[in-house]
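Residue numbers (our numbering), protein chains in the order written: chain A, 235 to 605; chain B, 1460 to 2071; chain C, 134 to 378; chain D, 7 to 150. C-beta atoms are modelled at their ideal positions from N, C-alpha and C, and glycine is treated no differently. Below is one structure, written out as structure tokens; the observations come after it.
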Amino acid sequence: MGYSGARGGLAAILAAEDLVRRKRDHAPAPWASTEQITERFRLAVDRVMGEAGLYHEPTAAAALRQAEGDPLEAAHLVRAQRSTLPRLANSEPVDPDELIVLRRIVPAFREPDGPQLLGRTTDYTGRMLERPDGQPAPPDASPEPEPVERTDEQRQPRRFLDLLRKLDLVVDHRGENGDAEPHDITRVPARPPAARSAVLATMARAETGALVGLWYRSILGPDGDVHEVTLGEVRHGRLPLRIRHPHTGNPVTVGEFRVTEAEAIEDLDGAEEDRTKFDVGYGLCLGHNERKVIAMANLDIANRRFGRQGPLEQLLLLTTDGLDSGGFLEHLKLPHYVTFRSMVERKQAMRAAADAGMGPRVADPAGRDCR
Amino acid sequence: MTVTTTDASAIRALLADVDEARGVRQEILDEGAKREVRRAVLSAVCVPGYQVPFGSREMPVARGWGSGGLQVTLGVIGPADTVKVIDQGDDAGVNATNLRRMIGGTTDCAETTDTRDATVIQSRHRIPEEALGERHIMVYQVPVPEPLRGVEKSVVECGRMHAEADYSKMWVSLYEDIVRNGLITASSGYPVEVDGRYVMATSPVPRWDVPRLHQAEHLNLYGAGREKRIYAIPPHTDVHPLTFADVPFEVEYAPDSYCKLCGSDDVFLVEGGPNGGYVCSDTEWCTRVREGDADIVAHRKRAPLGQLPDPRRRLVGTEVEEEVHGTVERTADTPEWALRVSEVGKVHGSGGAAAVPGTGPESGSAVSPSTGAIVAAWDVDFDVAPGEALGLIGESGSGKSTVLSCVVGDVPATSGTVRLGAVDAGRTDVLALPDEQRRKLRIDSMAVVYQDPAAGLNLDITAGGNIAERLTAAGWRGYHRIRRRAAELLDRVEVPLSRMDDPVRTFSGGMRQRVQIAKALATEPAVLLLDEPTTGLDASVAAGVIDLLRGLLAERDIAAVVVSHDFAVIEALTDRTLVMQLGRVVERGLTDQLFHDPHHPYTQRLVAAARR
Amino acid sequence: MASPVLAVRELRKTFTLHTIDGRRVSSLHGVDLDVHAGEHVALAGASGAGKSSLLRCVYRTYLADSGSVRMTTSGEPIELTGLPDRAMARLRGREIGYVSQFLAAPPRTGPLETVAATARRRGLDREQARDAAAAALHRLNVDESLWDVDCGVLSGGERQRVNLAAGTVRPPRLLLLDEPVSALDPENREAALSLVDSLVEQNVAVLAVFHDAEVMRRLATRVVLLADGTVSRDGAPADVLGEAA
Amino acid sequence: MSEGMGREQRCALLAEAEPDELIQLADACLGDGARLRVLVSPEVGCITAQVREPVAAERFLLGDVLACRAEVELAEQRGWAVRLGDDRAAVLAAAVLDAEAQAGRDRAADVDDLCRAVAERGHRQAEREWAELAPTIVEFEELT
């Protein structure tokens, strides 16, 4: 009769899974509800949404809970979930000028068009660790604020890039590449040389730390094509999502989603570049993640300038995805004794060859034969 | 308004009906994705060994944990199939167990651990010892599908190498391996040439399993999820491990080893634990041998026992005499020149030809007044005949090296044509050829010696290996023949043969330049381009290199172009010379005439400077 | 009578020195001259009269401003002044020998190799070329022990003999000699001169500049006297040199 | 067909409505026993967010937004709904309400009322939001 492979593997795996479930879900502490996670760990949820490339706060929150707070593992859970979902539609092209800002700062200009709106940020707060016992202190009992009418400029301030264009200080790339169909990195693998749309999409769902690390490497690393740039603008806000109505053919807004956006202003200094102007790099990602979009905007302009002549494009496209790098790293934990045995055999063969007097630096008779 | 309570909601009831009618099953790969996998598999089968990109989905297993193999399996499997999953040859390995659960839980196929019952076998790192037949599909989990990764880090360049079947870097790495270590040290995942075309990574399985890919009865599918590639070896396909014709491929072997459980000595064995000894990596086979349920005789016949390592055969392999030289047959309609350059120009920056007016010697500037572009060369004409050497002289920035770069193909020319007598009897403008064909010309039709040896050599490999690169690119596959040819060439350029197996990085500048010259001459190209071949060398070393070049040019029927700012180099090597200034040819003539009776003010200045 | 191997007509040469404010230095003012096969024509005249310039214009080391230099080889006469560079280079290799008073032999190659290289350009194969080179070196008394020594270490006289051997190996149709024996001792000088003489007997056309009038008297068929860049006398050595002396 | 409100506007407002209010009203619409056909079963999927970035006006795919969709037929009128998130009951209800309004059935006016209420609620939310944000504007002294 045939061979039966029922040995310890399956039982051990099941036991390990059970251990996780018991410790995680039944720890002697209150259960973390999805609402708790979305409300209390907003930035973690946003980071998972961005790196997973799927906008839905409850899904990201559930993934974070299941992953015991590991954002990379959570992003993996969300992406695997997304793989099983049909694509209902491609949205109409979203114009980021429609962003309703929740936060907007313009570091390059003191008084740009529209407000310097700090919004919800801890940028200017001392990093003092707070360790409240029990419930946090109740908020100041300030009266319900008077509703104020929001002006259009306050809602959707003109972007800083527009001001630079008005001053004729920026290279205008609009229309240079026609209106090419965007590269869909979830369907068609992107490898260099790739369209910019592939690079932007890759960065938008890259692991935040990988993007920041790649950028920072240009500051202190031994190489790098990225310049330190001036930040034109950072925004966080809501964008409308529109699709075509199947019966009328007109666009319908089906909801809003939050994004973070950045513009990086590059001082052009190349031999074949227009030194009288600036160029601009662009960053945009799902959720609120300023670190990521600032790195992305820097890397976008660097990639347009230097990506092809150096390793940058390959680095961006192939090394920044958290699932790729994390997955490959973790696979090292799998058994490798077949491949390791093959390596050991070659080491032994080299020694045997050396013992037989045919070791390294074989003098070929051909060399000596020569006249 | 009147509403029903949510408890009795019509909408919710409707939803429940819909779900019941549809039947919900947990899927990990939707139908669209499966179709895509099947399309990629079909392409892969049509082009054996070629890595077909596919839109790899995120799976519930980590990338690197078999997500590619899993997608292939889910893509090709059907209800009539029986699946076996192994990891390291072991059905009970944790990865195998994990994947088997996932496949079983989401498809209707049957499961087995018996290879004879299986139709689809998903595997990490092994091919079963049991015979495989046409009913079997092997699906391999591939962590790194790119076999060239070890020799080339740029994926763009790897893609080019595959497209052009330019695998000389791989061959050189094998050559260097033998030189340094006395044998090929590549272990598992040994590279193979599939169907005489693509070089492919073998998953990684041990070398022991590689011979079983050649002319296999079964279909092999390879899935790399992270790198988003699928490739295949269809049944009855030639699969040859990459090795020189006279250096045998070797499988894993340890003297006197056998499985301490079943006693087999003709299987792939892995270390048997802290007490030493070995055990079968294929646990199914091991169990069946012990139970007497295995055809041991047939197995022994397919075991690669003829490819066990044997140091005595390694370096005395049989001679191969299949090599060809890049010699050119001259026919009646072959032009008298070997290289003809017509109206070649190069403009850096915008404007093209429109940038040219207002530049050149009369204007005293190479910068276009209209566009700001730099006109590095314009309207340069010359031809060179076999056995003739032509000089291109001028100060730095005169455009002479630019012209050479345009001819070579290192930079695209803005205008003009370049013809080679050996290519289509000189009728084809090589500037108009696709890059791939231009690069091929550099294997045996046109060689360059750069000022900087690092531009023409890989400093990290040996002198012999650098020459081997050119020879293997030209199709040489005999290790000993390659070494003999390399030795001849190095001897000719007076590099001591004792240095043949040293990395070029350890060589002096003059010696590096000699190696570069030897490499350039390796395939006897009809045209040799020398770009400042002695600049940067000490005077006495430079003199030696010039003498060497003069001797080589005199004894061969090569057409040479020598670019130099140094009149002594030009005078020593060439019969005729062009003088360039600010991108234009300002004077041409016999070299001794230009030196003794220069007409153009610029040439007179150059000569005067040279005589100081 | 057969057409001359070399026919020079109305040859003019002026140098424009751009590095010295475009100064013009006149050299040849219309030279007419014929050299037939088997004829040895010696150029005489004061220093600066244009003797070397004339040889160099014929060899195309100088580009003549105007006039004609025709050479007859096997067929129709060839106009050298307008000949494409490559054709001129080939003609030099096959048909014209040029021996100057300076060493033309490249450094770091031995005499035998240097002379053999010229012989190969004149159409001999590798073996024949070495044999011919050996014979030429023997004839000029170049010690065999020096044959594969770097030419750079040879004495002035030895170099000149190597030069001469290279210029005369596999005799060219036209031999141009510019003071080829100036550095030789009397014995070797005799060997050299007798070599030149034997070449004339083999029908080589020789156009030569010798410092020494006695040599001209002995060897030349004709002597052409140059003065101020033009031919002032052309005749038998005794006639021309007699008056000059 | 209902007056005053375009179909796209209605769809957008139904997409913003709370699940409970949608389901309650849809249940009411179906209370008359009208025959309802489900043309597209409520399904959860993705809408790919396509962005035209402002630097080179190039389009790229930012990522997916989780959404659900349903389509029904009621009184020979097709009702269609898409909303963000994964509430399939809510989107099915929204499709029913779209059909109800489209068919001009008894509760079409209620659908319009619901939409207006949603719009009003959205407006109030925006006001509240701004009231919280406005104090975080950095006000510069006028330079004179």
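- Restricting attention to C:Gly362, C:Pro370, C:Asp372, the CA atom closest to the CA of C:Ala182 is found in C:Gly362.
- When C-beta distances to chain D are compared with 9 angstroms, the residues of the stretch 429-446 of chain A below that value are Ala429, Arg430, Ser431, Ala432, Val433, Leu434, Ala435, Ala438, Arg439, in chain order.
- Taken in chain order, the members of the stretch 94-120 of chain D whose beta-carbon sits within less than 8 angstroms of a beta-carbon on chain B are Arg94, Ala95, Leu98, Ala99, Val102, Arg113, Asp116.
- With contacts defined as CB atoms closer than 7 angstroms, B:Pro1606 and B:Val1669 fail to qualify as a contacting pair.
- Against chain D, the CB of B:Ala1472 has no partner CB under 7 angstroms away; the residue lies outside that interface.
- Nearest C-alpha to A:Leu520 among A:Asp259, A:Glu285, A:Thr268: A:Glu285.
- Taking 4 residues as the minimum length, the alpha helix (DSSP H) runs contained wholly in the stretch 13-56 of chain D are 13-22, 25-36, in order along the chain.
- Look at A:Gln582 here: in three-state DSSP terms it is helix.
- Only residues of its own chain outside the window of five on either side were considered, and among them Pro137, Ala140 have a CB closer than 6 angstroms to the CB of C:Asp167, listed in chain order.
- When rounded, the separation of the alpha-carbon atoms in B:Trp1837 and B:Glu1821 is 13 angstroms.
- A distance below 6 angstroms between beta-carbons, with the five flanking residues on each side excluded, links D:Ala105 to the following residues of its chain, in chain order: Val78, Leu80, Gln83, Gly85.
- Using a Cβ distance threshold of 7 angstroms, B:Arg1773 and B:Leu1642 count as a contacting pair.
- If you compare the alpha carbons of D:Phe66, D:Ala55, D:Ala76 with that of D:Arg43, the shortest gap goes to D:Ala76.
- For A:Asp402 and A:Lys511, the gap between their C-alpha atoms comes out near 8 angstroms.
- Per DSSP, A:Thr487 lies in no alpha helix (DSSP H) segment; the continuous beta strand (DSSP E) that holds it begins and ends at 485-501.
- Here A:Pro423 is near B:Lys1687, since their CB atoms are less than 7 angstroms apart.
- Rounded to whole angstroms, the Cβ separation of B:Ala2067 and B:Ala1797 is 34 angstroms, and the two are not in contact under 8 angstroms.
- Put simply, of A:Val486, A:Asp534, A:Glu524, A:Arg478 the residue whose alpha carbon is nearest the alpha carbon of A:Glu500 is A:Asp534.
- For B:Val1614, a Cβ of chain A is located within less than 7 angstroms of the residue's own Cβ.
- Between B:Val1698 and B:Leu1672, the C-beta gap is smaller than 7 angstroms, which places the two residues in contact.
- DSSP, read as helix, strand or coil, puts D:Phe146 in coil.
- Per DSSP, B:Met1629 has no beta-bridge partner at all.
- Residue-level contact check: C:His162 does not touch chain B, since none of the beta carbons of chain B fall below 7 angstroms from its beta carbon.
- The continuous stretches of alpha helix (DSSP H) do not include B:Gly1817, and DSSP gives it neither H nor E.
- Here A:Gln543 carries a coil assignment [DSSP, helix/strand/coil].
- By the beta-carbon neighbour count (other beta carbons within 10 angstroms, threshold 16), C:Ser288 is exposed.
- The C-beta of A:Asn537 comes no closer than 7 angstroms to any C-beta of chain D.
- Here C:Asn336 is exposed, its C-beta having fewer than 16 other C-beta atoms within 10 Å.
- In the displayed model, B:His1584 falls within coil according to three-state DSSP, outside both helix and strand.
- When the Cα atoms are used, B:Asp1549 and B:Gly1682 turn out to be separated by approximately 19 angstroms.
- Contact note: C:Thr194 reaches chain B through Leu2049, Asp2051, Gln2052, Phe2054, His2055, Asp2056, using a C-beta cutoff of 9 angstroms and chain order.
- Close to A:Thr318, with beta-carbon spacing below 7 angstroms, are these residues of chain B in chain order: Glu1486, Ile1487, Asp1489.
- At least 7 angstroms separates the beta-carbon of B:Leu2049 from that of C:Asp198.
- Inclusion of A:Pro349 and A:Gln388 in the CB contact set at 7 angstroms is warranted, their separation being smaller than that value.
- Your pair B:Leu1987 and B:Ala1998 does not check out as a contact, with CB atoms roughly 23 angstroms apart and the cut at 8 angstroms.
- Judged by DSSP secondary structure, C:Leu150 falls outside any alpha helix (DSSP H) and instead within the beta strand (DSSP E) spanning 139-150.
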